[in-house]
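Here is the structure we will look at.
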Amino acid sequence: MKDALEQVDSWLESPSLVLLAESDGYRNTLTRLLIESRVSGPRVHDVRIAALCIHANVRELLSADRDFSRFGSLQVRNPLMSERRGSD
1179 MKDALEQVDS WLESPSLVLL AESDGYRNTL TRLLIESRVS GPRVHDVRIA ALCIHANVRE
1239 LLSADRDFSR FGSLQVRNPL MSERRGSD
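Put into C-alpha cells, the structure is as follows:
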C-alpha cells in the first residue's frame, strides 16, 4: 500500500497532470451517451467515465474493458494487447 500511495503522489506532482472533473456541459454529454448506449445497472459507471473523457476532449482512453467500445466517439486502446501490424 505504501508503494502504491507513493506512486500516486508522484503522479499528482507531475506538471503535465490534468485532473478530469465534471464541468459545465458534462451533464448534456452524459445524458446523450446514456440515451445512445441504452445501458443500465453497473454499466452506467462506464458511461460516466466515457462522458467525462469525451467532455474533456481526451484523445485516447487506455482500458482493458471492452465495454468502452460501445462509445464510438471515444478512442479506446487496450494497453495489454500488442498492436497488430500488417505484413510488410
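The sequence shown runs 1179 to 1266 under my numbering. Using N, Cα and C, we set each Cβ at its ideal position, and we do this for glycine too.
What residues in its chain sit with their C-beta under 6 Å from that of residue i, if we drop five residues either side in the sequence?
i, result
"I1213", "none"
"D1243", "none"
Please classify residue i as buried or exposed, where buried requires at least 16 neighbouring CB atoms within 10 angstroms.
i, result
"L1252", "buried"
"L1190", "exposed"
"T1209", "exposed"
Would you say residue i touches the ligand SAH, meaning its beta carbon is less than 7 Å from a heavy atom?
i, result
"S1201", "No copy of the ligand SAH appears in this structure; indeed no ligand is present at all."
Starting from residue i, trace the alpha helix (DSSP H) in both directions and tell me its first and last residue.
i, result
"R1226", "V1222 to H1233"
Whose C-beta lies closer than 7 Å to the C-beta of residue i among residues of the same chain, with five residues either side of it excluded?
i, result
"A1182", "none"
"L1184", "The sequence as given places Glu at residue 1184; Leu does not occur at that position. Nothing meets the Cβ criterion."
Short of 8 Å in beta carbon distance, which residues of its chain neighbour residue i, apart from the five on each side in sequence? Order them along the chain.
i, result
"E1238", "Q1253, V1254 and R1255"
Query raised in the report: Are three or more beta carbon pairs between the stretch 1228-1238 and the stretch 1191-1199 nearer than 8 Å?
Result: yes
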